[in-house]
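Student:
In this note's numbering, the protein residues as written are 21 to 273.
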């Protein structure tokens, strides 16, 4: 049943897959429009990290906003409750399917730039370092998870979800003036910032742990809201019906 749920969610995300593939195609066209060898490996890596940081936050939040709330608003969640499947399984299938779709773009972009560098680099440029690309992909996974789970949680605000995201971004921007260290911990885009000490990438470990905790927190709250959706209303209706029956019984007496 879990495999069937995952396939169902992947089919429902097919339009988003086409969007991601279109973005990859645009990235590929942009690569071939720029003459080979124009950018060094370090410059190309900086461009890729900036692009991935912005795109994964935008795509992840956009997908997450409607991922859970759509089932509730369209009434299909009650139909799924009638099947031999738990809401936890539904939640995990949605989360896994969304992550698989969202990671198409960073995987494709990093692979494309790795192939480009391997084909065009010379003795004056740095050799391809797979560990560096794998580290960047892992940070893309974390960035995507934070953006996706934040969208899933703020999606319960319906039409003001994007406004809430904008207010959070403004708050972090203002916090940079008062406490840059705290702002860096809260800034998801800072995960993919390149900081080299010599040839070693100095990872922002404090930001990584903070963002990992935020993703787990967002996912937990989203799961609680998704699990209780409709049940509180149904309980309220049953209580109201019980009171109405009691009132009718007292009147008849």
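Heads up, the beta-carbon is just placed ideally off N, CA and C, and yes, glycines get one too.
Note that the structure is a prediction, hence the values are computed from the model and not measured.
Helix, strand or coil for residue 106, going by three-state DSSP, please let me know.
Tutor: In the structure shown, residue 106 sits in coil (DSSP, three-state: anything other than H, G, I, E or B).
Student: Using the rule of at least 16 other Cβ atoms within 10 Å of the residue's Cβ for burial, across every protein chain shown, is residue 91 buried or exposed?
Tutor: Classification for residue 91: buried.
Student: Buried or exposed, going by whether 16 or more other CB atoms sit within 10 Å of the CB of residue 150?
Tutor: With fewer than 16 Cβ atoms within 10 Å of its Cβ, residue 150 is classed as exposed.
Student: Of all the options 28, 32, 68, which has the alpha carbon lying nearest to the alpha carbon of residue 209?
Tutor: That would be 68, whose Cα lies nearest to the Cα of residue 209.
Student: Taking C-beta to C-beta, are residue 211 and residue 174 nearer than 8 Å?
Tutor: In this structure, residue 174 does not lie closer than 8 Å to residue 211 by Cβ.
Student: When the Cβ atoms of the stretch 82 to 89 are set against those of the stretch 176 to 196, are three or more pairs found closer than 8 Å?
Tutor: Enough Cβ pairs lie closer than 8 Å, so yes.
Student: Are the CB atoms of residue 162 and residue 130 within a distance shorter than 8 Å?
Tutor: No.
Student: Where DSSP assigns a beta bridge to residue 38, which residues make up the other side?
Tutor: In DSSP, residue 38 forms no bridge with anything.
Student: What would DSSP say about residue 252, mapped onto helix, strand or coil?
Tutor: Because the pLDDT at residue 252 is just 49, under 50, the model does not fix this residue reliably, and the point stays unresolved.
Student: Under 8 Å, do residue 125 and residue 40 count as touching if we go by C-beta distance?
Tutor: Yes, Cβ-Cβ distance for residue 125 and residue 40 is below 8 Å.
Student: Residue 26 to residue 87, Cα distance in whole Å?
Tutor: Taking the straight line joining both Cα atoms gives about 13 Å.
Student: Can you find the residues in the same chain that come closer than 8 Å, C-beta to C-beta, to residue 167, ignoring five residues on each side of it along the sequence?
Tutor: So the list reads 76, 77, 78, 79, 80, 81, 84, 208, once near-sequence residues are dropped.
Student: Pair every Cβ in the stretch 97 to 113 with every Cβ in the stretch 192 to 200, then say whether three or more of these pairs are closer than 8 Å.
Tutor: Result no; under three Cβ-Cβ pairs closer than 8 Å.
Student: Pull up the distance between the alpha-carbon of residue 72 and that of residue 38, whole angstroms please.
Tutor: Their backbone Cα atoms lie some 18 Å apart in a straight line.
Student: Would you call the CB atoms of residue 29 and residue 113 closer than 8 Å?
Tutor: Yes.
Student: Is the beta carbon of residue 65 closer than 8 Å to that of residue 214?
Tutor: Cβ distance < 8 Å, so residue 214 and residue 65 count as in contact.
Student: From residue 228 to residue 205, what does the alpha carbon distance come to, in whole angstroms?
Tutor: Cα to Cα, the separation comes out at about 8 Å.
Student: Under the assumption that residue 238 contacts residue 169 (Cβ atoms under 8 Å), give the Cβ distance between them as a whole number of angstroms.
Tutor: With 8 Å as the limit, residue 238 and residue 169 qualify as a contact, their Cβ atoms being about 4 Å apart.
Student: Do you know whose CA, among 47, 51, 93, 123, lies nearest residue 250's CA?
Tutor: If we check each option's Cα against that of residue 250, 93 comes out closest.
Student: Give me the Cα-Cα distance between residue 98 and residue 108, rounded to the nearest whole angstrom.
Tutor: Roughly 14 Å between the two C-alpha positions.
Student: From 236, 244, 201, pick the residue whose C-alpha is nearest to that of residue 226; which is it?
Tutor: Closest by alpha carbon: 201.
Student: Between residue 165 and residue 119, is the Cβ-Cβ spacing less than 8 Å?
Tutor: Contact flag set, yes.
Student: Please specify which runs of the beta strand (DSSP E), each continuous and at least 3 residues long, are wholly inside the stretch 58 to 82, giving them in chain order.
Tutor: Counting whole runs of 3 or more residues, the stretch 58 to 82 contains no beta strand (DSSP E) stretch at all.
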